[in-house]
Amino acid sequence: DISALKANLKQKLPEYMVPAVFMELEAMPMLPSGKIDRRALESHEVAETSGKSEYVAPGSEKEKILAEIWQQVLGLEKIGVNDNFFELGGDSILSIQVISRARQQGLNISPMQMFQYQTISQLAAVVTDAPIIEAEQGLVTGSAPLTPIQHWFFDQPLEHRHHWNQSLLLEVNENLDPEHLNKVARALLEHHDVLRLQFTSKDGRWQQTFGDVPEEAPFHFIDLSQMNPDEQKQKIEQECARFQASFDLQSGPLIRVVYFDTGALPHRLLLVIHHLAVDGVSWRILLEDIQVAYQQSAAGREIQLPPKSTSYKQWAQKLQEYANSEKMNTEIAYWSDIADKELPIITPDFPDGKNPEKLAQGIAHSLNEQETEALLKDVPTVYKTEINDILLTALTRAFARWNGRRSLLIKMEGHGREDIFENVDISRTMGWFTSLYPVYLNLEGVYAEGDSIKTVKEQLRGIPNNGIGYGILRYLSTDESVRQKLTGLDQAAITFNYLGQFDQVLPEGSVFKPAKENKGPERNPDDRRVNVISFTCAVTGNKLNVSVSYSSDLFKAETISRLSDAFMEELRALIDHCKSPQAGGFTASDFKLANLDNKKLDNVLNQLKKNKRKK
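Heads up: the sequence shown runs through residues 1 to 615, numbered per UniProt numbering.
Below you can see the structure in the form of structure tokens.
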């Protein structure tokens with residue numbers, strides 16, 4: 001039983017010493033000389049490499065709770081206690097949902113533990129009862145300092161700041177009652193304090209305060225039941241465009257909930273939120289709360305959402321205090337080193353061109369379902385990688401093909417919900433937590449797929465605290481020389497954002513699914529785009545979808561097509577490589593306590609191989 005063998009080894013060995021691959025043999029193949037036939041060994045079938053091991057049912061109460069949570073978050077029917085979360089398709093964004101749901105069940109899991117203990121049996125052995133966290137349960141009021149990403153937003157030369165949103169237009173599979181939706185909208189305002197934020201500028205400095213709950217909820221009902229389908233489509237798109245431009249940052253609130261009654265056809269629900277109050281993780285929280293709150297109201301019960309986690313106000317205050325701490329000062333050298341490098345420059349086809357939203361063009365690509373499943377579940381086991389390691393390796397290799405430079409500076413968007421404070425839990429807190437930070441990737445002299453993966457993986461592992469410190473130093477540090485030093489890194493031309501997996505957010509059979517109508521411009525068409533070339537990746541419909549956006553006044557379509565095509569070709573080549581027998585290996589970050597770099601590690605491993613041959 002390979003699962004039992006693996007579990008037994010994990011009790012006696014550190015994680016990095018537990019074999020990733022097992023082969024079943026009737027006997028060791030031998031040469032006539034009496035030595036082991038190593039070539040014959042290499043040709044044998046691998047018995048186990050994936051995260052789905054032989055099923056072992058959860059036994060303890062903690063294991064049962066964790067198994068149920070993992071099944072919900074990963075969208076799988078049955079998960080055993082020895083199955084690996086990340087090899088089942090889990091990632092850092094989905095791990096936040098696991099942490100949130102575990103807290104609701106009275107269990108305390110840290111983000112670090114999710115990465116250290118990747119099976120239910122391991123995790124159940126270390127989780128504790130949820131501690132008391134700093135979380136205001138009433139209405140949050142008063143002012144709060146701006147967070148780094150909010151500072152970044154107000155630094156952008158935008159003329160229409162009120163019109164910079166995220167939104168969803170959903171098709172509703174069962175007719176909803178507007179009266180209950182109105183109650184839901186009010187409950188969201190009361191529970192998620194960021195939706196009541198108000199912003200004012202005084203002497204060129206922006207401030208934020210939490211407003212009161214308005215008398216009228218930001219809910220709107222539009223009856224289109226007497227129109228024909230073509231008229232309904234036109235009216236829906238007109239109203240969506242109107243609501244997208246309807247925010248007032250000074251008075252708030254920062255959400256619009258709009259329900260369209262389309263008669264016999266499936267109704268539509270529009271959700272628009274200003275980006276200052278929402279991010280990708282927040283949408284997962286919001287959609288869950290909308291469905292729970294509606295069910296409670298429709299059943300005649302009082303709406304009662306799960307307890308609040310640490311407020312956005314408390315988080316902002318913590319960041320402000322952290323900005324000048326000793327821990328934060330240790331990161332200055334890392335970010336300064338990047339600022340001192342000779343950074344690659346991307347020259348547009350039309351250097352004098354403009355970059356407004358209305359001239360944005362997009363190129364869409366996708367992997368098929370089989371390729372996506374391999375990327376999410378098989379590839380991570382080969383080099384102990386996360387999905388961003390592979391995506392950014394593909395991007396760096398594509399960039400080298402595109403313009404001949406084997407180094408690349410990108411602006412990376414991370415979820416920003418890092419585990420840097422004690423007694424703080426933001427797993428169920430809505431708000432804009434995104435961390436935006438520069439990533440310098442260099443494949444100079446590195447050409448093979450496997451070596452490229454290992455090199456990029458180590459460069460990403462070298463980023464302290466997943467990049468959150470850059471924005472803290474750049475915007476919150478009291479040392480002006482530090483702030484000025486890091487300013488130049490804002491100019492990276494390529495932005496990269498992996499949004500995660502959304503099939504579990506709106507699973508098949510859900511009340512909601514994405515509607516086909518145009519939901520209107522989320523940003524004012526005349527405002528300047530904040531990115532030059534943007535790569536956005538997400539898993540929807542069981543496929544990795546890639547969107548590349550650019551300005552047609554800066555680049556020719558064929559120029560960006562060459563880059564995006566190269567990215568997909570490199571990504572597929574990396575997936576194929578990871579399926580090959582010769583793929584695999586460790587990197588220095590797999591042996592954190594050994595204090596090795598990749599070169600030293602390779603020397604150690606090569607020496608071990610030589611010693612084995614001598615024996």
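Even glycine gets a Cβ: it sits at the ideal position worked out from N, Cα and C.
Exercise. Give me the Cα-Cα distance between residue 391 and residue 527, rounded to the nearest whole angstrom.
Key: Walking along the sequence shown from the start, residue 391 turns up at place 391. Walking along the sequence shown from the start, residue 527 turns up at place 527. Their backbone Cα atoms lie some 30 Å apart in a straight line.
Exercise. Report, in whole angstroms, the separation of the C-beta atoms of residue 396 and residue 413, which I expect to be a contact under 8 Å.
Key: Residue mapping note: residue 396 aligns to position 396 of the sequence shown, counting from 1. Residue mapping note: residue 413 aligns to position 413 of the sequence shown, counting from 1. Rounded, the Cβ-Cβ distance is 17 Å, inconsistent with contact.
Practice problem: Can you say whether residue 357 is buried or exposed, counting buried as having 16 or more other CB atoms within 10 angstroms of its CB? | Solution: What you label residue 357 is simply residue 357 of the sequence shown in a count that begins at 1. Residue 357 should be labelled buried.
Exercise. Closer than 8 Å by C-beta to residue 144: which residues in its own chain qualify, once you throw out the five before and the five after it? Chain order, please.
Key: Position 144 of the sequence shown holds residue 144. If we look at residue 144 and ignore the five residues flanking it on each side, its Cβ neighbours are 208, 209, 210, 312, 313, 316 and 317.
Quiz item: What first and last residue would you give for the beta strand (DSSP E) that runs through residue 198?
Solution: Numbered from 1 along the sequence shown, position 198 holds the residue referred to as residue 198. 197–202 is the span of the beta strand (DSSP E), which, as asked, contains residue 198.
Quiz item: Taking only beta-carbon atoms, is residue 567 less than 7 Å away from chain B?
Solution: The structure shown has no chain B; it contains just one protein chain.
Exercise. Could you tell me which uninterrupted beta strand (DSSP E) segments, each at least 3 residues in length, are contained entirely in the segment 472–502, listed from first to last along the chain?
Key: 494–501
Quiz item: According to DSSP, which residues form a beta bridge with residue 206?
Solution: For the purposes of this step, residue 206 is identified with residue 206 of the sequence shown, where counting begins at 1. Its beta-bridge partners are 201.
Quiz prompt | Three-state secondary structure assigned by DSSP to residue 470 | solution = Walking along the sequence shown from the start, residue 470 turns up at place 470. If DSSP states are grouped into helix, strand and coil, residue 470 belongs with the helices.
Practice problem: Decide yes or no for the touch test of the segment 554–564 against the segment 358–378: beta carbon pairs closer than 8 Å, at least 3 of them. | Solution: yes
Practice problem: State the Cα-Cα distance for the pair residue 46 and residue 77, rounded to the nearest angstrom. | Solution: In the sequence shown, the residue the question calls residue 46 occupies position 46. In the sequence shown, the residue the question calls residue 77 occupies position 77. Annotation note: pLDDT 45 at residue 46 (below 50); position unreliable, coordinate value reported separately. So the alpha carbons of these two residues sit roughly 26 Å apart.
Practice problem: Mind checking which residues open and close the beta strand (DSSP E) that includes residue 438? | Solution: For the purposes of this step, residue 438 is taken as the residue at position 438 of the sequence shown. Taken as a continuous stretch (DSSP letters only), the beta strand (DSSP E) holding residue 438 covers 435–442.
Quiz prompt | residue 384: first and last residue of the uninterrupted alpha helix (DSSP H) it sits in | solution = Within the sequence shown, the letter at position 384 stands for residue 384. Per DSSP, residue 384 belongs to no alpha helix (DSSP H) and is neither H nor E.
Exercise. Say whether the segment 513–525 touches the segment 146–155, bearing in mind that this needs 3 or more beta-carbon pairs closer than 8 Å, one atom from each stretch.
Key: no
Quiz prompt | Rounded straight-line distance, which links the Cα of residue 176 to that of residue 258 | solution = For the purposes of this step, residue 258 is identified with residue 258 of the sequence shown, where counting begins at 1. For the purposes of this step, residue 176 is identified with residue 176 of the sequence shown, where counting begins at 1. One C-alpha to the other measures close to 12 Å.
Quiz item: Where does the unbroken beta strand (DSSP E) through residue 361 begin, and where does it stop?
Solution: Translated into the one-based positions of the sequence shown, residue 361 becomes position 361. It spans 360–366 - the beta strand (DSSP E) in which residue 361 sits, taken as one unbroken run.
Practice problem: For residue 51, I'd like the list of residues in its chain whose CB is within less than 6 Å of its CB, leaving aside the five on either flank, ordered along the chain. | Solution: Position 51 of the sequence shown, counted from the first residue, corresponds to residue 51. Any reading at residue 51 must be qualified, since the residue scores a pLDDT of 48, below 50, and its modelled position is unreliable; no value is offered.
Self-check item: Whole-angstrom distance between residue 448 and residue 419, CA atom to CA atom
Solution: Residue numbering aside, residue 419 sits at position 419 when the sequence shown is read from its first letter. Residue numbering aside, residue 448 sits at position 448 when the sequence shown is read from its first letter. Cα to Cα, residue 419 sits roughly 35 Å from residue 448.
Quiz item: Just checking my contact of residue 118 with residue 199 at CB under 8 Å: how many whole Å lie between their CB atoms?
Solution: Residue mapping note: residue 118 aligns to position 118 of the sequence shown, counting from 1. Residue mapping note: residue 199 aligns to position 199 of the sequence shown, counting from 1. The Cβ separation is near 41 Å, so there is no contact.
Self-check item: Distance between residue 152 and residue 349 (C-alpha atoms, nearest Å)
Solution: Residue mapping note: residue 349 aligns to position 349 of the sequence shown, counting from 1. Residue mapping note: residue 152 aligns to position 152 of the sequence shown, counting from 1. Residue 349 and residue 152: Cα-Cα distance of roughly 28 Å.
Quiz item: Which residues in the same chain have their Cβ closer than 8 Å to the Cβ of residue 110, if we skip the five residues on either side of it in sequence?
Solution: Numbered from its first residue, the sequence shown carries residue 110 at position 110. Taken in chain order, the residues that qualify are 99 and 419.
Quiz item: Quick one: what's got a C-beta closer than 7 Å to residue 544's C-beta in the same chain, skipping five residues either side?
Solution: For this step, residue 544 is matched to residue 544 along the sequence shown. The residues are 366, 367, 372, 375 and 537.
Quiz item: Which class does residue 236 belong to by DSSP, given the choice of helix, strand or coil?
Solution: Residue numbering aside, residue 236 sits at position 236 when the sequence shown is read from its first letter. Note: residue 236 maps to helix in three-state DSSP.
Quiz item: Excluding the five sequence neighbours on either side, which residues of its own chain have a C-beta within less than 7 Å of the C-beta of residue 583, listed in chain order?
Solution: Residue mapping note: residue 583 aligns to position 583 of the sequence shown, counting from 1. Closer than 7 Å at the Cβ level, and outside the excluded window around residue 583, lie 382, 450 and 577.
Practice problem: Take residue 285 and list the residues in its own chain whose beta-carbon comes closer than 7 Å to its own, dropping the five residues that flank it on each side. | Solution: To locate residue 285, count along the sequence shown from 1; it is residue 285. Taken in chain order, the residues that qualify are 428 and 430.
Quiz item: Are the segment 339–347 and the segment 486–501 in contact at 8 Å, needing three or more beta carbon pairs?
Solution: yes
Quiz prompt | Residue of 530, 483, 532 and 539 minimising C-alpha distance to residue 506 | solution = Here residue 506 refers to the residue found at position 506 when the sequence shown is read from its first residue. For residue 506, the nearest C-alpha among the options comes from 539.
Exercise. Kindly indicate which residue of 407, 402, 225 and 475 has the alpha-carbon position closest to the one of residue 569.
Key: By 1-based counting over the sequence shown, the position of residue 569 is 569. That would be 402, whose Cα lies nearest to the Cα of residue 569.
Quiz item: For residue 297, which residues of its own chain have a beta-carbon under 6 Å away from its beta-carbon, when the five flanking residues on both sides are left out?
Solution: By 1-based counting over the sequence shown, the position of residue 297 is 297. So the list reads 180, 183 and 303, once near-sequence residues are dropped.
Exercise. Indicate the three-state DSSP secondary structure (helix, strand or coil) for residue 171 in the structure shown.
Key: The count along the sequence shown starts at 1 and reaches residue 171 at position 171. Strand at residue 171.
Quiz item: Residues in its own chain within less than 7 Å of residue 292 by CB, not counting five upstream and five downstream?
Solution: Here residue 292 refers to the residue found at position 292 of the sequence shown. Here the set comprises 305.
Quiz item: What are the start and end residues of the beta strand (DSSP E) that includes residue 274?
Solution: Sequence index remark: in the sequence shown, residue 274 carries index 274 (1-based). First-last of the beta strand (DSSP E) with residue 274: 267–274.
Quiz item: CB residue 166 to CB residue 236, shorter than 7 Å?
Solution: Locating residue 166 in the sequence shown gives position 166, where the first residue counts as 1. Locating residue 236 in the sequence shown gives position 236, where the first residue counts as 1. It is not a contact, given that the beta carbons lie outside the stated cut-off.
Practice problem: Pull up the DSSP beta-bridge partners for residue 514, would you. | Solution: Counted from its first residue, the sequence shown places residue 514 at position 514. According to DSSP, residue 514 bridges with 170.
Quiz item: From what residue to what residue does the alpha helix (DSSP H) around residue 412 run?
Solution: As a working mapping, residue 412 is identified with position 412 in the sequence shown. No alpha helix (DSSP H) holds residue 412; the beta strand (DSSP E) holding it covers 407–414.
Exercise. Have a look at the DSSP bridge pairing and note the partners of residue 129.
Key: Counted from its first residue, the sequence shown places residue 129 at position 129. In DSSP, residue 129 forms a bridge with 107.
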